[in-house]
Structures are given as structure tokens and as C-alpha cells.
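Take the first sequence: its position 232, counting from 1, is numbered 231 in numbering that gives the first Met the number 0, and each next residue is one higher.
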Amino acid sequence: MPELPEVETVRRGLQPAMQDQKIICAEVNRPDLRWPFPPNMAQRLTGARVLRLWRRSKYILLDLDTQETLIVHLGMSGRMLVSGQQIGEFYQEHPAPEKHDHVVFHMENDTRVTFNDARRFGAMDLAPTAVVETHKMLASLGPEPLSNHLDDSYLAAALEGRNTPIKTALLDQRLIAGLGNIYVCEVLFRAKISPMRKAKNLSKMQVGTLVPIIRTVLEEAIEAGGSSLKDYRQTGGELGYFQHSFHVYDRESQSCKHVGCGGIIARVSQSGRSSFYCPTCQR
DNA sequence: ATGGGGGCCTGCCGGC
DNA sequence: TGCCGGCAGGCCCCCA
Numbered sequence: 000m001p002e003l004p005e006v007e008t009v010r011r012g013l014q015p016a017m018q019d020q021k022i023i024c025a026e027v028n029r030p031d032l033r034w035p036f037p038p039n040m041a042q043r044l045t046g047a048r049v050l051r052l053w054r055r056s057k058y059i060l061l062d063l064d065t066q067e068t069l070i071v072h073l074g075m076s077g078r079m080l081v082s083g084q085q086i087g088e089f090y091q092e093h094p095a096p097e098k099h100d101h102v103v104f105h106m107e108n109d110t111r112v113t114f115n116d117a118r119r120f121g122a123m124d125l126a127p128t129a130v131v132e133t134h135k136m137l138a139s140l141g142p143e144p145l146s147n148h149l150d151d152s153y154l155a156a157a158l159e160g161r162n163t164p165i166k167t168a169l170l171d172q173r174l175i176a177g178l179g180n181i182y183v184c185e186v187l188f189r190a191k192i193s194p195m196r197k198a199k200n201l202s203k204m205q206v207g208t209l210v211p212i213i214r215t216v217l218e219e220a221i222e223a224g225g226s227s228l229k230d231y232r233q234t235g236g237e238l239g240y241f242q243h244s245f246h247v248y249d250r251e252s253q254s255c256k257h258v259g260c261g262g263i264i265a266r267v268s269q270s271g272r273s274s275f276y277c278p279t280c281q282r
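The following block contains the structure:
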């Protein structure tokens, strides 16, 4: 799925179309995505104004003037495409409807936001704004990696005694929210830590190097508009280009990018997911 | 509590 | 060209 940088890129792209705008009509074309939509979702959205568009982990949150917040998760293949807006001299036409256009927001400013999700691993729900962070999907998320809540002492405590591989630990949204398979691979490469290394066996120094590396990797990826693999697109349909900066992800059998290393990137399966790493410099 | 595996869906790609 | 298996960025749930 889109990981944190992709979701943040989408959130930023939605801002000009939706911020402070009323949803004139919410078109809901099926009863569910991964789970059933909340009762009367179309009616509850129609006529509501978007007061704030924010993000928690990989969730996009739209606070409405109805005291409700729309929670959106893109799953693996979810896209939110904005059309009908002017970007410089360029006008983004409304596209013809496509397969898997499950929800379409018709906005007051004549833009349209189309949620398309082929695999339907995505989700949408409505919750009272006042308690949205206690929603089941958000309640047990760990700290935002780009916030001050993630620091050395937090991470050390979170990893302490964990028998699981560090790769699996960093993917655990309860420990840190927002990392996915790609960025965990990239983070461990930069930190020169093997994905198979047990979390509890990291040295204090290694834990200390992880925190700034996590931030840097995510910030660089956001700066690049995310990574475009398979299904992910920005709100204008553009490709992100961070994938050109991958050091290990999807680089099996290619040479390690650490100067003087000479290793060959390997791929292993860990709890059903591919890990890419350099066996020579990641220990 | 922790860790591992299956399942949810569709699309795409490589191999035969 | 066509079919089939394997794989995909996430997350929940069940089991040991």
C-alpha cells in the first residue's frame, strides 16, 4: 500500500480541492470496501464542509462541519484522483469513469475527487471528530515517526526484549506508525542492520542511528512525491519518483550501493513479505 | 503477551 | 497468444 510518504503526498494533493469546501454530492457506488461503509455514508457526507484535512499514520482524516470525521485508508491499491482544478495554466479535465471508481466526491469548487481501488483493501468510516483517535483503526497506532514522540528512548523501550526480527518490529504499526515494507527495507539498509537481526539484540547505538534514518528516508520520499510502484499515483495521476532512490527495495541481484561494499542485494521472505538487503554490509 | 500464518481482492508479469 | 502460478506497498484475525 501506499506507505506514509505516499499518503502524505495524497493528503497534500487533496488540500486545494477539498479544504474549506462543501461536498455537494458524495457518490457511493458500492456498499463496502474492505468493510461495509457506515450506515447512510452518502447522506452523511453530502452537504458537509471539510474543515481540516490531516493524516495519522497511513490514514487520511477529513474533519467535517457535521462533527464527524471521514477516515480514509488507501489499502494497497487505493487512489484519490482530483480533477477539474486549475494548476497554473493547466486545467485537469474530469476523466471518464473507470472501473473501480467506488466513491466520488463532487465539491463546491467544481473539483471532483475520485476514490478508485482495484483490490478493495482500502477502507472508509465515519467517527465523531472529538473521539476519532479512539477509533478502532487508530487507537493502537504507535507514534508518528516525523513527530517528537519518536525518539531514542521510546524506540529502545519499544524494541527491548522483542524476540522478533527488527524488520517485523519496524513494520508493526503499534511500535511506529506509518512504515511499510519498502521504507523499512530502505531504513535498515542505511542503518546497515540486517532485517533478520532480532530487535532485542540491537545495540543502543544502532537504535540511536535508526531514529534519524527513519526520519530522513520518509522526508526524502515525501519530497519526491512518494514512490510509484504498481498502483500508487498522486492526486493528479502523476508518478512519484522516489523509487529511483531505492537502495535495496526491488534490487535483488544488483550491486550494493554502499561505496566499497561490493555486496549483492539479496531477497528473503520474512513473515510472508519480501525483505531486500545487502548480506555483506547489513549485520 | 508475543509471534506466525492465513485471508481479503484484483491485476500484472514471467514462464511454459 | 493463452493460461497459470506467484507476487504486490496493508491490516485484521485466529492460533499456538
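Where is the CB? At the ideal position from N, CA and C, for every residue including glycine. Just so you know, these numbers come straight off a predicted model, no measurement behind them.
What residues in its chain sit with their C-beta under 6 angstroms from that of residue i, if we drop five residues either side in the sequence?
{"i": "N28", "result": "H101"}
{"i": "K21", "result": "R48 and E107"}
{"i": "E218", "result": "none"}
{"i": "P37", "result": "D124 and L125"}
{"i": "R272", "result": "N180"}
{"i": "L140", "result": "S56, Q172 and A176"}
{"i": "M40", "result": "V27"}
{"i": "H257", "result": "C280"}
For residue i, I'd like the list of residues in its chain whose CB is within less than 8 angstroms of its CB, leaving aside the five on either flank, ordered along the chain.
{"i": "V210", "result": "L149, D150, D151 and L154"}
{"i": "Q66", "result": "P127, T128 and A129"}
{"i": "E132", "result": "R55 and A138"}
{"i": "G261", "result": "S254, C255 and T279"}
Could you tell me which of the options sits nearest to residue i, measuring between CA atoms?
{"i": "G259", "options": "Q269, C277 and A265", "result": "C277"}
{"i": "P94", "options": "L80, I86, G87 and F104", "result": "L80"}
{"i": "R54", "options": "E2, A41 and S82", "result": "E2"}
{"i": "I175", "options": "S193, Q205 and P142", "result": "P142"}
{"i": "I59", "options": "S146, L125, K203 and T167", "result": "L125"}
{"i": "P15", "options": "Q42, E97 and G83", "result": "G83"}
{"i": "A156", "options": "F120, T279, Q242 and L201", "result": "L201"}
{"i": "Y182", "options": "E132, Q242 and G160", "result": "Q242"}
{"i": "S268", "options": "G160, N180, E88 and C255", "result": "N180"}
{"i": "S254", "options": "T279, F89 and Q42", "result": "T279"}
{"i": "G236", "options": "L140, E92 and M17", "result": "E92"}
{"i": "R312", "options": "A138, A41 and R161", "result": "Coverage of the chain is limited to positions 0 through 282, which leaves residue 312 absent and any answer about it impossible."}
{"i": "Q18", "options": "N39, S270, D64 and Q42", "result": "D64"}
Roughly how far, in whole angstroms, is the beta-carbon of residue i from the beta-carbon of residue j, given that I think they are within contact range, below 8 angstroms?
{"i": "A223", "j": "Y240", "result": "5 angstroms"}
{"i": "I70", "j": "M136", "result": "6 angstroms"}
{"i": "A190", "j": "T208", "result": "5 angstroms"}
{"i": "G77", "j": "D109", "result": "At roughly 23 angstroms, the Cβ-Cβ gap does not stay under 8 angstroms, so G77 and D109 are not in contact."}
Mind checking whether residue i and residue j have CB atoms under 7 angstroms apart?
{"i": "P127", "j": "I213", "result": "no"}
{"i": "L178", "j": "L169", "result": "yes"}
{"i": "I192", "j": "Q205", "result": "yes"}
{"i": "V103", "j": "E26", "result": "yes"}
{"i": "S274", "j": "K199", "result": "no"}
{"i": "H134", "j": "I23", "result": "no"}
{"i": "K57", "j": "V6", "result": "yes"}
{"i": "L32", "j": "R119", "result": "yes"}
{"i": "P357", "j": "A220", "result": "Absent from the structure is residue 357, since the part of the chain shown begins at 0 and ends at 282."}
{"i": "L73", "j": "T234", "result": "no"}
Output needed for residue i: all residues of its chain with C-beta closer than 7 angstroms, excluding positions within five of it in sequence on either side, in chain order.
{"i": "R11", "result": "none"}
{"i": "R51", "result": "D62"}
{"i": "E185", "result": "V216, F245, H246, V247 and Y248"}
{"i": "W34", "result": "A122"}
{"i": "V130", "result": "none"}
{"i": "Q281", "result": "L187, F188, K191, I192 and S193"}
{"i": "S252", "result": "I263 and I264"}
{"i": "H99", "result": "N115, D116 and A117"}
{"i": "S270", "result": "T167"}
{"i": "E97", "result": "N115"}
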